[in-house]
Amino acid sequence: MDDITIRPAEPAETGIVAGLRWRWILENGHRPVTTREEFVRHFVNWAAENTGSHRCMVVVRDGVIIGMAWLAVVARVPSPRALLRASGDLQCVYVIPGERDGGIGGRLVEAVLARARDLGLERVTVHSSPRAIPAYARRGFESSPRLLHARVGRADPYP
């Protein structure tokens, strides 16, 4: 496993990362609402427009990107105790099937958490699949009775 590198994605790699996201959706049996080409184009534009709030880390083996994870950074309301506050949300953690169950995903999560610490974030949340909960727990994620969520249905797509 020492032949892998985990690092921030470069802007020129966003199309490759979009391909991983496309692949993930297909693996889970979901039907895309657009063509792959349109999705990649949209994803690349979205990533360029959201560099201030979303940071992508990639896993690279032999020059090939085999995994990704996104850290969404959200500014928080200032407090008299801390004028500058932010939290993070770990999103889209994905490793290609042939590279799973060998610790790469865990190392990727640890790299994202290290980046969150470097950014001075207060906390990082994650919405996990049931299968991945133990892996996140091993890296310090825990359930919180104070962190709640509500599902809000939308009639129209965002925005």
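When we follow our numbering, the leftmost residue of the sequence shown carries the number 8, and every step to the right adds one.
Where is the CB? At the ideal position from N, CA and C, for every residue including glycine.
Note to self: In this structure, how does DSSP classify Thr-12 when only helix, strand and coil are distinguished?
What the structure shows: As a first step, residue 12 must be located in the sequence shown, where it is residue number 5. It is a strand residue.
Margin query: On a Cα-Cα basis, can you pick out the residue from Asn-35, Trp-29, His-37 and Arg-38 that is closest to Phe-50?
Written below: Along the sequence shown, one-based indexing puts residue 50 at 43. Comparing Cα-Cα distances from Phe-50 to each of Asn-35, Trp-29, His-37 and Arg-38, the minimum goes to Trp-29.
Next item on the list: Leaving aside the five residues before and after Cys-99 along the sequence, list all residues of the same chain whose C-beta is less than 8 angstroms from its C-beta, in chain order.
Entry: Here residue 99 is taken as the residue at index 92 of the sequence shown, counted from 1. Closer than 8 angstroms at the Cβ level, and outside the excluded window around Cys-99, lie Arg-28, Trp-31, Met-75, Ala-76 and Trp-77.
Check: According to DSSP, is Val-51 helix, strand or coil?
Finding: Numbered from its first residue, the sequence shown carries residue 51 at position 44. Three-state DSSP puts Val-51 in a helix.
Check: Using the beta-carbon count (16 or more within 10 Å), is Arg-138 buried or exposed?
Finding: Taking the first residue of the sequence shown as 1, we reach residue 138 at position 131. Exposed is the call here.
Margin query: I'd like to know if the stretch 127-137 and the stretch 87-94 are in contact, where contact means that at least 3 CB-CB pairs between them fall below 8 angstroms.
Written below: yes
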